[in-house]
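See structure below.
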Amino acid sequence: MCPTGTSLWPARDISDLRSAFEVLDADHDGKISREDLKTSYADADDAVIGTMMTVADSNNDGYVEYDEFEKVLNSDNRGSNGVMKDMFKSMDRDGDGKVGFGDLTSYLSSAGFEVNDDEIKAMLGLGGVDGEADGVTFDEFLKILAV
Numbered sequence: 001m002c003p004t005g006t007s008l009w010p011a012r013d014i015s016d017l018r019s020a021f022e023v024l025d026a027d028h029d030g031k032i033s034r035e036d037l038k039t040s041y042a043d044a045d046d047a048v049i050g051t052m053m054t055v056a057d058s059n060n061d062g063y064v065e066y067d068e069f070e071k072v073l074n075s076d077n078r079g080s081n082g083v084m085k086d087m088f089k090s091m092d093r094d095g096d097g098k099v100g101f102g103d104l105t106s107y108l109s110s111a112g113f114e115v116n117d118d119e120i121k122a123m124l125g126l127g128g129v130d131g132e133a134d135g136v137t138f139d140e141f142l143k144i145l146a147v
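Here the sequence shown is numbered in this note's numbering, starting from 1 and rising by one per residue.
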């Protein structure tokens with residue numbers, strides 16, 4: 001949930017998460033709404049915005065508060081890896097600790113996203129690996145999401 005050009009690295013630094021949250025909170029009311037996301041992601045359609053909200057709005061109140069945002073993008077500071085680690089594990093179909101071309105293709109297809117091979121390779125490239133390489137680790141996966 002981070003707009004292009006805003007970095008979350010290092011991903012586990014709480015101050016960086018707060019800054020990213022504040023960027024997305026376009027109206028500065030202390031919570032991220034659908035309208036805030038539409039402002040930050042002008043090219044995203046309503047389905048993408050809806051998916052972002054579904055993933056992050058754990059209390060289903062129509063807003064993403066900071067604690068929800070943090071759970072999605074970071075560990076919860078008690079040693080668990082939160083929602084993103086679970087998502088990564090579900091994408092890692094072969095259980096090798098990396099999400100590769102086949103894993104990502106299968107996951108996106110099952111989620112209803114139509115992407116071509118070049119788009120998959122570009123996504124993996126954002127994680128710092130060649131689209132033909134073995135895949136991205138969890139930390140590289142977070143890097144992809146931070147772009």
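Ideal placement from N, C-alpha and C gives every residue a C-beta, glycine not left out.
Please read all numbers here as calculations on a predicted model, not as lab measurements.
Residue i, DSSP secondary structure in three states
| i | result |
| --- | --- |
| V115 | coil |
| S58 | coil |
| D158 | A query on residue 158 cannot be resolved here, the shown segment of the chain reaching from 1 to 147 and no further. |
| A20 | helix |
| D25 | coil |
Close-in-space but distant-in-sequence residues of the same chain around residue i (CB under 7 Å, 5 per side omitted)
| i | result |
| --- | --- |
| S106 | R93 |
| K85 | F138 |
Per DSSP, the bridge partner or partners of residue i
| i | result |
| --- | --- |
| V99 | V136 |
| V64 | I32 |
Spatial distance of residue i from residue j (CA atoms)
| i | j | result |
| --- | --- | --- |
| E119 | G50 | 21 Å |
| E70 | D139 | 16 Å |
| K148 | G135 | In this structure the chain extends from 1 to 147, so residue 148 is not present and cannot be described. |
| L37 | L17 | 16 Å |
| G100 | K121 | 9 Å |
| T54 | G125 | 26 Å |
| A56 | T137 | 22 Å |
| F113 | L142 | 20 Å |
| L42 | R34 | The question names Leu, but residue 42 in the sequence shown is Ala. Computed Cα separation, rounded: 11 Å. |
| S58 | D67 | 10 Å |
| V72 | S19 | 15 Å |
| F88 | D45 | 24 Å |
Beta-carbon contacts of residue i that lie in its chain and below 8 Å, excluding the five residues immediately before and after
| i | result |
| --- | --- |
| N40 | In the sequence on display, residue 40 carries Ser and not Asn. Excluding sequence neighbours, S40 sits near P3, V23, L24 and A26. |
| A47 | none |
| D103 | M91, D92, R93, D94 and G135 |
Chain C contact for residue i (CB, 8 Å cutoff)
| i | result |
| --- | --- |
| D117 | The structure shown has no chain C; it contains just one protein chain. |
Cut-off 6 Å between Cβ atoms - residues of its own chain near residue i, not counting five sequence neighbours on either side
| i | result |
| --- | --- |
| N116 | none |
| L108 | V115 |
| F21 | Y66 and F69 |
Check: residue i C-beta below 7 Å from any heavy atom of the ligand GTP
| i | result |
| --- | --- |
| K71 | Looking for the ligand GTP in the displayed structure turns up nothing, as the structure carries no ligands at all. |
Margin query: Across the segment 59-68 and the segment 17-36, are there enough close Cβ pairs to call them in contact, namely three or more that are closer than 8 Å?
Written below: yes
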